[in-house]
Amino acid sequence: MVVIIVCCYTEGSEDESLDANVAELKAECNNKVYEFCCEEDAFYCKEHSEMLHAYDVMKDHDRVPIDLYKCATKTLDETSGTPDDFKNDWNKNNILYVSPNTQKMEMGMKWLNTGIDEKDPFLLVSFVGPAGAGKSTLIRSFAEGQIPVSSNSQTTAASSDINCYNGTFDNENHCKYLLFDSEGKGADTINQMIINTQSSGLSSSNNSISYDYRRSFIDTCYPRLLYLFSDVFVYVFNQTAKQKENVISELLSYAAESAAASVNQLTKPHLIVAFNKSNDVPTYDNDEARELIFHDKDDGSAHSQNIKELKKYYQSLNVIFIPPGKTINPDSNEIQWVLGKFVQQTLKLKTLVYSLLQSAYKVKTNQNIVCERGKIMGYISKAINILNRDPHGPIDIYKMARSMEGVNSFLFEYFECIYNLNIKQGINRSVAFDQAFQVIITRVKDILYLYCQRNSLLHPTKGQHIPQSLIEMFEKAHSSIMKLLPCNSAHPLKPHIRCEVLQGAHGVISDHKSTQIETKKKKFLFLKLGEKVETVSYQWIGNGFEPSKHYQNLAEIANELLPEAGKQHPDENITIQNRLKLIENKSLPFTNRVCYGCLLDHPTQTRKCGHMFCITCSTQWSVHCPVCGTHSPWTNNDIPTLAGTRILSLEGIGGVTGVAQAFIITTIEHILFDIRIHKLVDLIIGSGSGGLVALGVTGDSGNATRMIAFYTALKEKLETYPLGTIAGIKNLTRILYRSIYKKISFQSILKQHLEYLESVGNNPRSDQSLLCQAATKGNSHVAVTSTTKSTGSKKLSLFTSYHLPGKYDNPSGTVFDACLSTSATDGFIEPHIINEVSYTDGSTSALAPAIIGYEEAQRLFNRSCDLIVAVTTGKWANPGNQHQEDCYKDGTNTVSTLNESSTKWAELKDKVVASNHPTVCRRIDPEYTDDYCYDEKHKIESIISDVRRYCEKHKSLLNDVATKLLASQFYLTVNPHQDSIKFTIQCRLSYELYENTVLVDKLRKLSTPFSITADGVGATDIVFDKVQFNGGFSQSLTINNLQRDKLSKIDIKLNIVFGDDQSEDKKHSISGFPMNFSQILNTVNKN
13 MVVIIVCCYT EGSEDESLDA NVAELKAECN NKVYEFCCEE DAFYCKEHSE MLHAYDVMKD
73 HDRVPIDLYK CATKTLDETS GTPDDFKNDW NKNNILYVSP NTQKMEMGMK WLNTGIDEKD
133 PFLLVSFVGP AGAGKSTLIR SFAEGQIPVS SNSQTTAASS DINCYNGTFD NENHCKYLLF
193 DSEGKGADTI NQMIINTQSS GLSSSNNSIS YDYRRSFIDT CYPRLLYLFS DVFVYVFNQT
253 AKQKENVISE LLSYAAESAA ASVNQLTKPH LIVAFNKSND VPTYDNDEAR ELIFHDKDDG
313 SAHSQNIKEL KKYYQSLNVI FIPPGKTINP DSNEIQWVLG KFVQQTLKLK TLVYSLLQSA
373 YKVKTNQNIV CERGKIMGYI SKAINILNRD PHGPIDIYKM ARSMEGVNSF LFEYFECIYN
433 LNIKQGINRS VAFDQAFQVI ITRVKDILYL YCQRNSLLHP TKGQHIPQSL IEMFEKAHSS
493 IMKLLPCNSA HPLKPHIRCE VLQGAHGVIS DHKSTQIETK KKKFLFLKLG EKVETVSYQW
553 IGNGFEPSKH YQNLAEIANE LLPEAGKQHP DENITIQNRL KLIENKSLPF TNRVCYGCLL
613 DHPTQTRKCG HMFCITCSTQ WSVHCPVCGT HSPWTNNDIP TLAGTRILSL EGIGGVTGVA
673 QAFIITTIEH ILFDIRIHKL VDLIIGSGSG GLVALGVTGD SGNATRMIAF YTALKEKLET
733 YPLGTIAGIK NLTRILYRSI YKKISFQSIL KQHLEYLESV GNNPRSDQSL LCQAATKGNS
793 HVAVTSTTKS TGSKKLSLFT SYHLPGKYDN PSGTVFDACL STSATDGFIE PHIINEVSYT
853 DGSTSALAPA IIGYEEAQRL FNRSCDLIVA VTTGKWANPG NQHQEDCYKD GTNTVSTLNE
913 SSTKWAELKD KVVASNHPTV CRRIDPEYTD DYCYDEKHKI ESIISDVRRY CEKHKSLLND
973 VATKLLASQF YLTVNPHQDS IKFTIQCRLS YELYENTVLV DKLRKLSTPF SITADGVGAT
1033 DIVFDKVQFN GGFSQSLTIN NLQRDKLSKI DIKLNIVFGD DQSEDKKHSI SGFPMNFSQI
1093 LNTVNKN
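If you're matching positions, the sequence shown starts at 13 in our numbering and goes up one per residue.
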């Protein structure tokens, strides 16, 4: 054999980065390096490569373009990372870690910066395996941009927890995917990365015991997460093919524990077993390697049985051998480069990974399997919260998906409520499904009748066609219900254990499986000493999906239930009574996803008992709740036709300065005869500390005074973690404990001041349900913001007392859920978890929520806006200090709340101007004589003293707000005649709220409490009747000699002004005014 070694590299060439690798191979050619020959371990220019590889002896040699060579040899970094390198790598690329403080999994910086858009496909390649196997080293050849730091060690782990890197494949379409580098199973609980990033400067020896809590996360939680959501699973070993039985045994053990207690997985991952740093390579061909390790021979041996069992866990099994790219000369202790086969196999690994990613994506696309980044990361977030509670907790991907979806079909939503209720009562899944389906059948006939009635359609009879839209509704519901149909396959050895894989998932995952788990004792894999305990699921092979019975399509059932021609329907009252028998079920949970009364609409009206109905059903059963039978009168809180909305916005990022907002509200209430603020406005919206105040002042028992008492109690009772109150050191407390305050202490104080009542049965107490806050006539609605990053993006959620699907996620829960969610400020209070989703302070998504409140009021009431009042958390004495401290991170940007608050207020005013309605906008911005950090609870009295001083100084502003609030309580109703219009001014306040107040005296003393200006109307044409107080205020007036073609604009103002200045320009218009006269006539004509 002719051996020719030529190097086209010379000093001064463009490829100076190759110096360290090829210095000894230099020759006379000065041409640019073009290719690397894997067989000859040599570099060639294009001319020499083509010439030499024309020889028979070299024409079959594998050659690699120089750019791919560079990519492959990125892994061979001689230098070991410094502590700062490790720290920077972890800070930028960590996506999930076990906090040494909470001892739970938490999301790292990479979670919100994956580099993949929310709607783009989530494709994941996970590198797992024993510590020191070289996972991070291999990832270096895949990753683009940031790459893992090298530890330059054959045995020491370089990674900690789970780091995330970015890659692309299919260069034409530039498809992105993620690379997860997982800490090795079985590794020490403290390693180099931990020492450099989380140990706070303490040594390994001092921390080895304190980090033992990480074991269950490394060995159980991480493998479960990666197995469930990976598309390609690269298991890296640094063993030889001779140890294949041990390898397969370990792979099977890993797969069985990773898949335990999880069902309805979207897809199984592809497996690649990478024998890394392998000095004894039996073959470089991937197909031969796969046959060598995973042969298909069923010889009855334990080895072949293990292979057969392993295939149940993966879509495909693949093997590759990768030799070391460098070795250490034992004599000289110098590095020796062995690049040829290393480069060849590294590139083969990339090609294999890309091929499997393409295959996984194709399967997901063809079978309509969810793969959007936002949704998949939402599932991962929910799984993290489940595993934080119990590393072996059951995970059902289908349930996760359902909890994140909007309303699919009202009929299906009702079915799911019944089905889940049956499951909670311990009924077998198949029986629970069957019983729920029978309940649906009992409602089909009534739904058919109601649908035709509400849509003014003739009710079809036998032989006639059901409306197509109704058929589509039944078919959509039936399709969704059938996806929930459980497999009824029984475990061959334990018949009481049933398959929990649903019909919708069995098409992809054909094996039978239960979330129930068992523990097995097993010998240690390599040492054969002692035992270890592993957790596995019950999983078995059967005859595919095995339903308990066949279910007839709901559309067909509806057709069979059509009445005979000529047969009259029962009397309407009898129909309603029959429907009531079908509805009544005291065990049904509260829901805002379907009206239980008709199953045809969203529920928008809340009863005091907590159940919700559409407005039609609410009108039908206005006294007693048709579900639970309790006396729960429905009150229609719709805004009068010609009235407008009033909005109170309470800004966030205030911490203890939220007490200032509560004090300002009490001051306004006192001006307004001590009428509570939630009776004076239509919507109160708040963020962060403002959200907490908003929740405290709404509802039947809401008042601002109790919120002042709450903040005062914080000073004495709120417990902090060690060093949490010491200036200059408290940041260390944030690092160690993730928060300064103890959440359980905060909750305890909150319960005392918001009259907390424990949940009863399946439902929370109705007076604790947020949806019940506006169930009493005259109560305002409330909305508080919260932030979630569960989907990989920071998103705004709204906890509301109403149900308005569409723009924002509206989590359902209690008042306390909303309180804890909007208060969970990073570094102060831990996040609050509801249905496996973590919620934090809404101020970072909507610091100044007035714009959101304005838009929500328009969606909720469809009326013009009379008044928007925004109350901030105030300005420090030194604005410069506040600009530094009073800020939050929005991605890579630092947002000053002072600037943000002013900017958002200006945006709101522009929006109001564009609406062409004269909305009154007032902003109350307290000023302090000191600088108040959020956590300085010991300064509560000083804050109250400062805000009292501010209210006295700005009395005219508060009086103006109170004047407008009072004027907006009055509205107009109209009764037109041929040549005149009869107006009646009424009050929106319940008479009981003001009958014994100074307000009644003021209204009686005024000959006319109102003044009217109207184009084309003379003063003598307006005739007022006497004010009436028969159970409520009313005053009628008539406009005579009415010339409608000349009337253009009319305004009605209240003649009551608070404060010393009683000038005409201080008066405010009643609700909805001023108004064009054409608007009044149009409204009258519509009604």
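Beta carbons: idealized from backbone N, C-alpha and C, even for Gly. On a predicted model such as this, the values are computed, not experimentally measured, just so you know.
Is the number of C-beta pairs between the region 122-134 and the region 800-810 that are closer than 8 Å three or more?
yes
Measuring only from the beta carbon, is Leu237 closer than 6 Å to any heavy atom that is part of the ligand ATP?
The model on display carries no ligand, and the ligand ATP is accordingly not part of it.
Going by alpha carbons, who is nearest to His490 out of Ile478, Gly157, Ile452?
Working through the sequence shown from its first residue, we reach residue 490 at position 478. When each option's Cα is compared against that of His490, the closest is Ile452.
Ordered along the chain, which non-local residues of its own chain (more than five positions away) have a Cβ less than 8 Å from that of Glu118?
What you label residue 118 is simply residue 106 of the sequence shown in a count that begins at 1. If we look at Glu118 and ignore the five residues flanking it on each side, its Cβ neighbours are Leu108, Tyr109, Val110, Ser111, Arg750.
Quick check for students: name the residue ranges of the beta strand (DSSP E) that lie wholly in the region 985-1043, counting only runs of 3 or more.
993-999, 1022-1026, 1034-1036
Can you tell me whether DSSP reads Ser813 as helix, strand or coil?
Counted from its first residue, the sequence shown places residue 813 at position 801. Coil.
Considering only C-alpha positions, which residue in the set Lys916, Arg875, Ser968, Ile997 is nearest to Asn928?
Along the sequence shown, one-based indexing puts residue 928 at 916. For Asn928, the nearest C-alpha among the options comes from Arg875.
Which residue wins for smallest C-alpha separation from Phe1070, given the options Glu596, Ala869, Phe192, Glu681?
Here residue 1070 is taken as the residue at index 1058 of the sequence shown, counted from 1. It is Glu681 whose Cα lies nearest to the Cα of Phe1070.
For a test of the three-state rule: what should DSSP assign to Gln327, helix, strand or coil?
Counting from 1 along the sequence shown, the entry for residue 327 is found at position 315. Three-state result, Gln327: coil.
Beta-carbon within less than 6 Å of Asp101's beta-carbon, same chain only, minus the 5 sequence neighbours each way: which residues are those?
Here residue 101 refers to the residue found at position 89 when the sequence shown is read from its first residue. Excluding residues within five positions, the ones whose Cβ falls inside 6 Å are Val161.
Quick one: Cα of Thr547 to Cα of Arg152, how far?
Looking up residue 547 in the sequence shown gives position 535. Looking up residue 152 in the sequence shown gives position 140. Spanning the two alpha carbons is a distance of roughly 33 Å.
Anticipated Cβ contact below 8 Å, Phe1045 with Leu1093, distance rounded:
The residue labelled residue 1045 in the question sits at position 1033 within the sequence shown. The residue labelled residue 1093 in the question sits at position 1081 within the sequence shown. Wrong, their Cβ atoms sit about 25 Å apart, outside the cutoff.
Under 7 Å between the Cβ atoms of Gly666 and Ser701?
Indexing the sequence shown from 1 puts residue 666 at position 654. Indexing the sequence shown from 1 puts residue 701 at position 689. Yes, Cβ-Cβ distance for Gly666 and Ser701 is below 7 Å.
Which residue from His65, Lys309, Tyr266, Ile586 puts its Cα closest to that of Ser549?
Position 537 of the sequence shown, counted from the start, is the residue given in the question as residue 549. Ranking the options by Cα distance to Ser549, first place goes to Tyr266.
Contact the region 868-888 vs the region 975-982: 3+ CB pairs below 8 Å
yes
Three Cβ pairs or more, each shorter than 8 Å: is that satisfied between the region 646-656 and the region 674-693?
no
Hey, how far is the Cα of Asp27 from the Cα of Val355?
Translated into the one-based positions of the sequence shown, residue 27 becomes position 15. Translated into the one-based positions of the sequence shown, residue 355 becomes position 343. Because Asp27 carries a pLDDT of 41, less than 50, the predicted location of this residue cannot be relied on, and no value is offered for it.
Give the DSSP-derived three-state secondary structure of His690 in the structure shown.
Taking the first residue of the sequence shown as 1, we reach residue 690 at position 678. Correct three-state label for His690: helix.
Taking the straight line between their C-alpha atoms, what separation do you get for Gly386 and Met485?
As a first step, residue 386 must be located in the sequence shown, where it is residue number 374. As a first step, residue 485 must be located in the sequence shown, where it is residue number 473. The alpha-carbon atoms of Gly386 and Met485 are separated by roughly 28 Å.
Examine the Cβ distances between the region 854-863 and the region 914-931 and report whether three or more of them are shorter than 8 Å.
yes
With C-beta atoms as the reference, is Phe557 less than 7 Å away from Cys499?
By 1-based counting over the sequence shown, the position of residue 557 is 545. By 1-based counting over the sequence shown, the position of residue 499 is 487. Yes, Cβ-Cβ distance for Phe557 and Cys499 is below 7 Å.
Alpha-carbon spacing of Thr679 relative to Arg718, whole angstroms
Numbered from its first residue, the sequence shown carries residue 679 at position 667. Numbered from its first residue, the sequence shown carries residue 718 at position 706. Cα-Cα distance, rounded: 14 Å.
What's the C-alpha gap between Ser968 and Asp958?
Within the sequence shown, residue 968 is the residue found at index 956, counting from 1. Within the sequence shown, residue 958 is the residue found at index 946, counting from 1. So the two alpha carbons sit approximately 17 Å from each other.
Identify whether Gln1074 lies in helix, strand or coil by the three-state DSSP scheme.
Here the question's residue 1074 lines up with position 1062 in the sequence shown. Residue state, collapsed to three classes: coil.
Take Ala570 and list the residues in its own chain whose beta-carbon comes closer than 7 Å to its own, dropping the five residues that flank it on each side.
Here residue 570 refers to the residue found at position 558 when the sequence shown is read from its first residue. For Ala570, where only same-chain residues beyond five positions count, the Cβ hits under 7 Å are Val456, Leu460, Ile478, Phe486.
Report the partner residues of Phe241 according to the DSSP bridge assignment.
Against the sequence shown, residue 241 aligns to sequence position 229. Phe241 is not bridged to any residue.
CA-CA distance, Thr885 and Asp821?
Position 873 of the sequence shown holds residue 885. Position 809 of the sequence shown holds residue 821. So the alpha carbons of these two residues sit roughly 26 Å apart.
Minimum C-alpha distance to His186 - residue among Ile128, Ser954, Gln589, His518:
Indexing the sequence shown from 1 puts residue 186 at position 174. That would be Ile128, whose Cα lies nearest to the Cα of His186.
Hey, how far is the Cα of Ala502 from the Cα of Asp53?
Your numbering for residue 502 matches position 490 in the sequence shown. Your numbering for residue 53 matches position 41 in the sequence shown. Cα to Cα, the separation comes out at about 59 Å.
Evaluate Met412 with the Cβ neighbour count: other Cβ atoms within 10 Å of its Cβ, from every protein chain shown; 16 or more gives buried, anything less gives exposed.
If you number the sequence shown from 1, residue 412 lands on position 400. Under this definition Met412 is a buried residue.
Can you give me the C-alpha to C-alpha distance between Leu660 and Val883, rounded to a whole angstrom?
Within the sequence shown, the letter at position 648 stands for residue 660. Within the sequence shown, the letter at position 871 stands for residue 883. So the alpha carbons of these two residues sit roughly 8 Å apart.
Report the three-state DSSP secondary structure of Trp123 (helix, strand or coil).
One-based indexing of the sequence shown puts residue 123 at position 111. Correct three-state label for Trp123: helix.
Pop quiz: Ala786 and Ser809 are said to be a contact at Cβ under 8 Å. What is the actual Cβ separation, rounded to whole angstroms?
As a position in the sequence shown, residue 786 is number 774, starting the count at 1. As a position in the sequence shown, residue 809 is number 797, starting the count at 1. Incorrect: roughly 19 Å between the Cβ atoms, too far for contact.
Local conformation of Cys50 per DSSP, three classes:
Within the sequence shown, the letter at position 38 stands for residue 50. Here Cys50 sits in coil by DSSP.
What are the boundary residues of the alpha helix (DSSP H) that includes Asp972?
As a working mapping, residue 972 is identified with position 960 in the sequence shown. Element bounds for Asp972: 967-979.
Classify Tyr225: buried if its beta carbon has 16 or more other beta carbons within 10 angstroms, exposed otherwise.
Here residue 225 is taken as the residue at index 213 of the sequence shown, counted from 1. Exposed, by the Cβ-count rule.
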